[in-house]
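Participant: One structure is given below, represented as structure tokens, and several questions about it will come after.
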Amino acid sequence: MKVRYEKKITVEMCRAHPDAIFVYGDNLIHKGKALGAGQAVIRDEPNAMGIPTKRLPSTKDDAYFSDQEDELKAVRDALAEIYKRAKGKTIFFPKDGVGTGRAKMKEKSPRAWARMNEILDQHFDIQNAGYSSSPKP
71 MKVRYEKKIT
81 VEMCRAHPDA
91 IFVYGDNLIH
101 KGKALGAGQA
111 VIRDEPNAMG
121 IPTKRLPSTK
131 DDAYFSDQED
141 ELKAVRDALA
151 EIYKRAKGKT
161 IFFPKDGVGT
171 GRAKMKEKSP
181 RAWARMNEIL
191 DQHFDIQNAG
201 YSSSPKP
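Here it is as structure tokens:
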């Protein structure tokens, strides 16, 4: 798989590259694409795949991940599905990262943040913004 980092991923980009996979930060209920929803505006495109980074599309305290087991599992499951679908394809990944903005994952859910980034690094060779991995031998 090939990775392309894009500053802004749009619906038009998804439609222009139907054989590629476009990754965005999602929530557990897969809702929300209003103005200010970030990359989730691509949610309804068939080649868009979300990585859960929040519980809900809100800024209330209960909307954020807090390293609960169901959150860690949701992240792992989403990444496994992306990995299966992305074989032999190009992955478009947000240059500003996933879990870095509204989700505040590094602050609110450090275990899920670290695990997501380890998987992205080890299995996709993706360097998520705001994450520093150990140097590779």
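71 is the number of the first residue of the sequence shown in our numbering; add one for each residue after it. Think of the CB as a built atom: it goes at the ideal place given N, C-alpha and C, for glycine as much as any other residue.
State the start and end residues of the unbroken alpha helix (DSSP H) segment that holds residue 33.
Facilitator: With the chain running from 71 to 207 in the structure shown, residue 33 is simply not present.
Participant: Beta carbon of residue 148, beta carbon of residue 98: below 7 angstroms?
Facilitator: Residue mapping note: residue 148 aligns to position 78 of the sequence shown, counting from 1. Residue mapping note: residue 98 aligns to position 28 of the sequence shown, counting from 1. No, Cβ-Cβ distance for residue 148 and residue 98 is not below 7 angstroms.
Participant: For residue 195, which residues from the same chain have a beta carbon less than 7 angstroms from its beta carbon, with the 5 sequence-adjacent residues on both sides left out?
Facilitator: As a first step, residue 195 must be located in the sequence shown, where it is residue number 125. Answer for residue 195: 73, listed in chain order.
Participant: State the Cα-Cα distance for the pair residue 44 and residue 89, rounded to the nearest angstrom.
Facilitator: What the structure shows of the chain is the stretch from 71 to 207, and residue 44 is not part of that stretch, so it cannot be assessed.
Participant: Hey, would you say residue 135 sits closer than 7 angstroms to residue 178, going by beta carbons?
Facilitator: The count along the sequence shown starts at 1 and reaches residue 135 at position 65. The count along the sequence shown starts at 1 and reaches residue 178 at position 108. Their beta carbons are under 7 angstroms apart, which means residue 135 touches residue 178 by this criterion.
Participant: State the DSSP-derived secondary structure class of residue 83, mapped to helix, strand or coil.
Facilitator: Along the sequence shown, read from residue 1 onward, the residue named residue 83 stands at position 13. DSSP places residue 83 in helix when its eight states are reduced to three.
Participant: Using a Cβ-Cβ cutoff of less than 8 angstroms, which residues in the same chain neighbour residue 142 once the five nearest sequence positions on both sides are dropped?
Facilitator: In the sequence shown, the residue the question calls residue 142 occupies position 72. 181, 182 and 185, listed in sequence order.
Participant: Just how far apart, CA to CA, sit residue 84 and residue 93?
Facilitator: As a first step, residue 84 is located in the sequence shown; it is residue number 14 there, counting from the start. As a first step, residue 93 is located in the sequence shown; it is residue number 23 there, counting from the start. Those two C-alpha atoms are separated by around 10 angstroms.
Participant: Residue 86: buried (16+ other C-beta within 10 angstroms of its C-beta) or exposed?
Facilitator: Your numbering for residue 86 matches position 16 in the sequence shown. Exposed: under 16 other Cβ atoms inside 10 Å.
Participant: Please state whether DSSP places residue 115 in a helix, a strand or coil.
Facilitator: On the sequence shown, residue 115 is found 45 positions in, with the first residue counted as 1. Here residue 115 sits in coil by DSSP.
Participant: Quick check on residue 154: buried or exposed, where buried means 16 or more other Cβ atoms within 10 Å of its Cβ?
Facilitator: The residue labelled residue 154 in the question sits at position 84 within the sequence shown. That one is exposed.
Participant: Would residue 95 pass as a contact of residue 168 if the rule is Cβ separation under 7 angstroms?
Facilitator: Locating residue 95 in the sequence shown gives position 25, counting from the first residue. Locating residue 168 in the sequence shown gives position 98, counting from the first residue. Yes; because the gap between Cβ atoms is below 7 angstroms, this pair is in contact.
Participant: Take residue 199 and list the residues in its own chain whose beta-carbon comes closer than 6 angstroms to its own, dropping the five residues that flank it on each side.
Facilitator: Looking up residue 199 in the sequence shown gives position 129. Closer than 6 angstroms at the Cβ level, and outside the excluded window around residue 199, lie 166, 167 and 170.
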